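To start, the structure under review is shown below, and the notes come after it.
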Amino acid sequence: MTSFSLIDAAEHDKHFIFNAFKLSMRDYIDWAWGWDDEFQHTGFWRNLQVQNFKLICIGKEPAGAIYVQESEQSHWVRTLFLLPEFQRLGIGSTLLAQEALRAKNLNKKLVLDVIKINPAKRLYDRMGFRVIGEDRALFHMELG
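Residue numbers (the working numbering): 680 to 823.
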């Protein structure tokens, strides 16, 4: 497993965050809904606040980001993405295990959505997430 750290994102990280999201998720989003750069960029920042992101860093280099939203009932991983060169190194599974422990300690379910063709679905299955609903493009999953 590659070691990493999490740091709070700031306004100056917006360019990296969106570009990393685009590099790691564009093909899946294009399959699900089609990709329009301006629409995706506008919607991304309308729905997600930069100060709620954590940058995933390898050494001092940003490798991706995670955004978790809390509610009374759940701990929702809104998005988790890594640049392609940092995928399949155990970082995502370690982060999800940490979030699962946090959710459990808060007596909440850990929930997430995954685009149906995203290979990360296999990781979620291995970790014990179960599909609790779906639509044309997404599986809605929970753990706990």
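Even glycine gets a Cβ: it sits at the ideal position worked out from N, Cα and C. Model, not experiment: these values are computed from the prediction.
- About 6 angstroms separates the Cβ atoms of Leu789 and Gly823, confirming a contact at the 8 angstroms cut-off.
- Judged by DSSP secondary structure, Phe718 falls within the alpha helix (DSSP H) whose first and last residues are 716 to 726.
- A straight line joining the alpha-carbon of Phe700 with that of Phe723 spans about 10 angstroms.
- Here Ala689 carries a coil assignment [DSSP, helix/strand/coil].
- Ser703 is positioned such that its CB atom lies closer than 8 angstroms to that of Pro763.
- Counting of Cβ neighbours within 10 angstroms places Ile735 among the buried residues, the total reaching 16 or more.
- The C-beta distance from Ala816 to Ile794 rounds to 6 angstroms, short enough to meet the 8 angstroms contact threshold.
- Of the residues Arg781, Gly769, Trp755, Phe718, the one whose Cα lies closest to the Cα of Leu791 is Trp755.
- Per DSSP, the beta-bridge partners of Lys733 are Asp687, Ile745.
- Beta-bridge partners assigned by DSSP to His694: none are found.
- Ile796 sits in coil when the DSSP states are folded into three classes, being neither helix nor strand.
- Considering only Ala744, Asp814, Gln766, Ser682, the residue with the shortest C-alpha distance to Trp712 is Asp814.
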